[in-house]
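Under my numbering, read the sequence shown as residues 1 to 333, first letter to last. What follows is a set of notes on a single structure, which appears directly below.
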Amino acid sequence: MYELIRKTLIIVLCLMLSKMLHLNVSVYVVLFAIVVATTSFSKHLTHLLQRLMPSVAAAVGAVFVNQLFADHPFIIWTCCIVYFDHVRRHADNNLRIRMATLPLFMIIFITTYSNSSGYILAIPNIIRDVVLSAFLAALVASLVNHLMPVKAQPPKPVVVPQPVYGTDRLKMLILVGGGLAFIMINEVTSAVFCLVPLITSAMQPTHAHMKQHAIEKILAQVGGCSLAVIASLIYSGTEVDVYTYFVVSFLLVYLILYWSHYSEAGDRAIHADALMGFLIPYQLYVAKNGNDFGLHSIALRAVELIIALLIIYALAHWLNRLGQRNNVGPQPE
Numbered sequence: 001m002y003e004l005i006r007k008t009l010i011i012v013l014c015l016m017l018s019k020m021l022h023l024n025v026s027v028y029v030v031l032f033a034i035v036v037a038t039t040s041f042s043k044h045l046t047h048l049l050q051r052l053m054p055s056v057a058a059a060v061g062a063v064f065v066n067q068l069f070a071d072h073p074f075i076i077w078t079c080c081i082v083y084f085d086h087v088r089r090h091a092d093n094n095l096r097i098r099m100a101t102l103p104l105f106m107i108i109f110i111t112t113y114s115n116s117s118g119y120i121l122a123i124p125n126i127i128r129d130v131v132l133s134a135f136l137a138a139l140v141a142s143l144v145n146h147l148m149p150v151k152a153q154p155p156k157p158v159v160v161p162q163p164v165y166g167t168d169r170l171k172m173l174i175l176v177g178g179g180l181a182f183i184m185i186n187e188v189t190s191a192v193f194c195l196v197p198l199i200t201s202a203m204q205p206t207h208a209h210m211k212q213h214a215i216e217k218i219l220a221q222v223g224g225c226s227l228a229v230i231a232s233l234i235y236s237g238t239e240v241d242v243y244t245y246f247v248v249s250f251l252l253v254y255l256i257l258y259w260s261h262y263s264e265a266g267d268r269a270i271h272a273d274a275l276m277g278f279l280i281p282y283q284l285y286v287a288k289n290g291n292d293f294g295l296h297s298i299a300l301r302a303v304e305l306i307i308a309l310l311i312i313y314a315l316a317h318w319l320n321r322l323g324q325r326n327n328v329g330p331q332p333e
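Here's what the structure looks like:
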């Protein structure tokens, strides 16, 4: 219970900061808070910043590339593809795959918004807010970890080797590269987050794991959107009450962390991913001014996620059937 309260405080305090500071991309304060709260147990600010540095560096590098080739979107896309292949080639175990996900998304996010006519002028403010969000999340985590020192020794992560073959790299390029090209061409900035399940699905070791991963993502992400809808209906106009917002947010985050900690081993990944699936729409769309209480935006996010994940599931199912057929081969007479 002590550890759950400590993690909940880090996340909720950053959630409150993201609401009160009114940053251009305030959601990154919450995103970085989830990362440091669930994967880092240090109380030193430098260690916490080191955990977030790859993501910030990826965003800064993406801004540099997009500014350098601003008039040549195809060159930008090609640079992204080359980097995606480089990352996939070296992500040969579960820890490297997990650490590569957020920096890859940062590159996709910056590239998408830099090539959007509606957001290109906001890129300097966006990158400023990304850097500030990383510093704020690390500062809050350091403060909470000083006030509530980590008592339980963090478990040592189990390294599971996952050899990378040419087909794995090709699948990464087709799924993630194709998704990035589609969003860049059509400027569908609202669907940029749908590329996160594309990244994680493309890094699954087998097609069967890819199918299972798509199912788990649907349960976690769409379930998180459903929980955000319930939270929005609970507030129903009382969003301006900061005390109410803090208490409800604390209870909801603690509940999800509790489910994740005490769930069965097979369901733990779903509950852990549900924290991200809930907090992102909760921060973005709940407690906003408007007559629909953010329900339209949450529903749009859920529909876009379902479409992307069903495409992944169908592709994985087809590849799995094709692989089984090739393995059987012709029967001897």
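Ideal Cβ positions, reconstructed from N, Cα and C, are used throughout, including at glycine. In this text the structure is predicted, and so the values were computed from the model without any measurement.
query: Using the Cα positions of Ile110 and Ile126, report the straight-line distance between them to the nearest angstrom.; result: 9 Å
query: For the candidate residues Leu104, Ser226 and Ser201, whose alpha-carbon lies nearest to that of Lys171?; result: Ser201
query: Does DSSP classify Asn24 as helix, strand or coil?; result: coil
query: Can you check whether the CB of Thr8 is closer than 8 Å to the CB of Leu257?; result: yes
query: Compare the beta carbon distance of Pro103 and Pro54 with 8 Å and say whether it is the shorter of the two.; result: yes
query: Applying the 10 Å Cβ sphere with the 16-neighbour rule, what's the burial state of Val303?; result: exposed
query: Whether or not the segment 59 to 66 and the segment 106 to 121 are in contact is what I'm after, with contact meaning three or more pairs of Cβ atoms, one per stretch, closer than 8 Å; do they touch?; result: yes
query: Please look up how many angstroms separate the CB atoms of Arg88 and Asp168, rounded, as I've assumed it's under 8 Å.; result: 7 Å
query: Could you name the residues of the same chain whose beta carbon sits closer than 6 Å to that of Leu310, not counting the 5 residues immediately before and after it, in chain order?; result: none
query: Starting from Asn93, follow its DSSP beta bridges and name the residues at the other end.; result: Pro161
query: With a cut-off of 8 Å on the beta carbons, I'd call Asp129 and Leu23 a contact; round off their distance for me.; result: 4 Å
query: Exposed or buried, what is Leu68 when buried is set at 16 or more other beta-carbons lying within 10 Å of its beta-carbon?; result: exposed
query: Count Cβ pairs between the segment 171 to 181 and the segment 202 to 212 that sit closer than 8 Å; are there 3 or more?; result: yes
query: Compute the beta-carbon to beta-carbon distance between Val286 and Tyr235, rounded to the nearest angstrom, for a pair I have assumed lies under 8 Å.; result: 7 Å
query: I'd like to know whether the C-beta atoms of Asp92 and Val188 end up nearer to each other than 8 Å.; result: no
query: Relative to the C-alpha of Gln153, which candidate in Ser40, Val247 and Ala58 has its C-alpha closest?; result: Ser40
query: Determine whether the Cβ of Ser133 lies closer than 8 Å to any Cβ atom of chain C.; result: Reference to chain C is not applicable here, since this structure consists of a single protein chain.
query: CA-CA distance, Arg6 and Val247?; result: 15 Å
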